[in-house]
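In what follows, a structure is listed as structure tokens, so that the remarks can point back to it.
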Amino acid sequence: MSQDLFIGVDIGGTKVLAAEVSPSGEVLGTAHRSTPGRRVELELVEDALTEAVTEVAAGRPVAGVGLAAAGFVDAAGERVMFAPHLPWRGEPTLTRLSSRWGTRVALDNDANCAALAEIELGAARGVDSALLITLGTGIGGAMVLGGQMVRGRNGMAGEFGHMQVVPGGLPCECGLTGCWEQYSSGNALVAFVRARVETEEYAGCALDELAAGDPLKITGPAVTAAAADGDALALAAYESVGSWLGVGLAGLVAAFDPELLVVGGGVSTAGDLLLAPARASLEASLVGRLHREVPPIVATGFGAEAGVVGASLLARRLTAAES
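Residue numbers (my numbering): 403 to 725.
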């Protein structure tokens, strides 16, 4: 018996992932597009989303689409009010895309969508309180307290990536300086390597040879591959990003005292290359660590696909509520 087609779309700072997702969270088919950037016409982003959704649908009727957006989504789930890496600035996202696609569309922040997937079907299933952190181009976050998602008055709770961890530190695309995501994210990983790839300390390493005098040739996947092969510079980059991850998590644990910390996003696919230094840093940085139970740090059950799985669940909820 055929099932209704629900599609989840994860819209990040560098790429779009659309996927057909089953009710149990199985990803059945995907389509990828590059994100045009934040200094482009909004229509270009919507075109990329449309292409990805159309490819996944493959001519079939779509019962609903869920959007996981890397930005500040309003409490009503209708607009992306601000996105540091995308051109949305309060446009009626839901209305525009539901009209364009002729189907129901649900919208939420990407980390909230990932948390929904993990709460219902993944690593945080059955957990009363958890924090989810997604490391991609930047840092996203979501909170589950008392078994419920915490959205905040404006719907923008969980924007942990823009907590200031270094006063007067590195400039961030949000307009502030010293934001956590400038030290622990995919962008931070690449920036660490590019700043050091031509130094004497790392001369002759695999990433130095890859750069061949042009640090801009270094990409996140290249750093991850080099780290897996034991490249010294790549390992140092993950040590730095992971350590900063632990520092930020220590502040969040001090504030919310959760049962579990779940880490997702593209950078988390490196596994313990990232999580081992994060655990050590959390232990070293957490207030009262000798007198409390330190929450475990685990990887998402759905990995880099948590956002699309959660977005599809969001669309299913919307459809069920309206039927």
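Cβ atoms here follow ideal geometry from the backbone N, Cα and C, with glycine treated the same way.
List the residues that DSSP assigns as beta-bridge partners of residue 510.
Mapped onto the sequence shown, residue 510 falls at position 108. According to DSSP, which records beta bridges pairwise, residue 510 is partnered with 470.
Own chain partners of residue 578 with C-beta closer than 8 Å, once the 5 adjacent residues on each side are dropped:
Taking the sequence shown and counting its residues from 1, the one referred to as residue 578 is at position 176. The beta carbon of residue 578 sits closer than 8 Å to those of 564 and 566, all from its chain and outside the five residues before and after it, given in chain order.
Considering only DSSP beta bridges, list what residue 545 is partnered with.
Counting from one through the sequence shown, the residue named residue 545 turns up at place 143. Partner(s): 533 and 552.
Exposure of residue 550, with buried meaning 16 or more beta-carbon neighbours within 10 Å:
Position 148 of the sequence shown holds residue 550. By the neighbour-count rule (16 or more Cβ atoms within 10 Å), residue 550 is not buried but exposed.
Do three or more CB pairs link the stretch 586-606 to the stretch 620-635 at distances below 8 Å?
Taking a contact to require three or more Cβ pairs closer than 8 Å, the stretch 586-606 and the stretch 620-635 qualify as touching.
State buried or exposed for residue 556, treating a residue as buried only when at least 16 other CB atoms are found within 10 Å of its CB.
Indexing the sequence shown from 1 puts residue 556 at position 154. It is exposed - the Cβ of residue 556 has fewer than 16 other Cβ atoms within 10 Å.
Going by alpha carbons, who is nearest to residue 425 out of 442, 435 and 405?
In the sequence shown, the residue the question calls residue 425 occupies position 23. Nearest option by C-alpha distance: 405.
In terms of residues, what are the limits of the alpha helix (DSSP H) holding residue 681?
Mapped onto the sequence shown, residue 681 falls at position 279. Segment 674-687, the alpha helix (DSSP H) holding residue 681.
Could you tell me the alpha carbon to alpha carbon distance between residue 480 and residue 570, rounded to whole angstroms?
The residue given as residue 480 occupies position 78 in the sequence shown. The residue given as residue 570 occupies position 168 in the sequence shown. When rounded, the distance between both Cα atoms is 34 Å.
Are residue 520 and residue 673 touching if we call contact CB-CB under 9 Å?
As a position in the sequence shown, residue 520 is number 118, starting the count at 1. As a position in the sequence shown, residue 673 is number 271, starting the count at 1. Cβ atoms of residue 520 and residue 673: not closer than 9 Å.
For a test of the three-state rule: what should DSSP assign to residue 410, helix, strand or coil?
Here residue 410 refers to the residue found at position 8 of the sequence shown. Residue state, collapsed to three classes: strand.
Buried versus exposed, by CB contacts within 10 Å (16 or more), residue 443:
Residue 443 sits at position 41 when you count from the first residue of the sequence shown. Label assigned to residue 443: exposed.
Where the alpha helix (DSSP H) through residue 658 begins and ends:
Counting from 1 along the sequence shown, the entry for residue 658 is found at position 256. Here the alpha helix (DSSP H) through residue 658 covers 634-658.
Using CA atoms only, rank isn't needed, just tell me which of 669, 683 and 598 is closest to residue 539.
Within the sequence shown, residue 539 is the residue found at index 137, counting from 1. Checking every option, the nearest Cα to that of residue 539 belongs to 669.
Going by beta carbon distance, what residues of the same chain come within less than 6 Å of residue 718, once the five residues before and after it are set aside?
Against the sequence shown, residue 718 aligns to sequence position 316. So the qualifying residues of the chain are 408.
Would you be able to state if there are at least three C-beta pairs under 8 Å between the stretch 696-712 and the stretch 517-535?
Yes, the stretch 517-535 is in contact with the stretch 696-712.
Got a sec? Which residues, its chain only, sit under 6 Å from residue 572 by beta carbon, not counting five neighbours each side?
For the purposes of this step, residue 572 is taken as residue 170 along the sequence shown, with counting starting at 1. So the qualifying residues of the chain are 584.
Tell me which residues share the same chain as residue 417 and place their Cβ nearer than 8 Å to its Cβ, disregarding the 5 neighbours each side in the sequence.
For the purposes of this step, residue 417 is taken as the residue at position 15 of the sequence shown. Result list for residue 417: 434, 435, 436 and 437, in chain order.
Which whole runs of the beta strand (DSSP E) in the stretch 554-630 are 3 residues long or more, in chain order?
Counting only runs of 3 or more, we get nothing.
Among the candidates 431, 575 and 511, whose CA atom is the shortest distance from the CA of residue 558?
As a position in the sequence shown, residue 558 is number 156, starting the count at 1. Comparing Cα positions, the closest option is 511.
Rounded straight-line distance, which links the Cα of residue 544 to that of residue 514
The residue labelled residue 514 in the question sits at position 112 within the sequence shown. The residue labelled residue 544 in the question sits at position 142 within the sequence shown. If you take the alpha carbons of residue 514 and residue 544, they lie about 5 Å apart.
With 16 other Cβ atoms within 10 Å as the buried cut-off, status of residue 491
Numbered from 1 along the sequence shown, position 89 holds the residue referred to as residue 491. Classification of residue 491: exposed, given that the 10 Å Cβ count is below 16.
Under 6 Å Cβ to Cβ from residue 568, same chain only, skipping five residues before and after it: list those, please.
Taking the sequence shown and counting its residues from 1, the one referred to as residue 568 is at position 166. Once the five neighbours on either side are set aside, the close Cβ partners of residue 568 are 580.
Kindly indicate the opening and closing residues of the beta strand (DSSP E) around residue 416.
One-based indexing of the sequence shown puts residue 416 at position 14. No beta strand (DSSP E) contains residue 416, which DSSP labels as neither H nor E.
Which whole-angstrom value is the C-beta distance of residue 506 and residue 716, which I expect to be below 8 Å?
Here residue 506 refers to the residue found at position 104 when the sequence shown is read from its first residue. Here residue 716 refers to the residue found at position 314 when the sequence shown is read from its first residue. So it is not a contact: roughly 10 Å between Cβ atoms.
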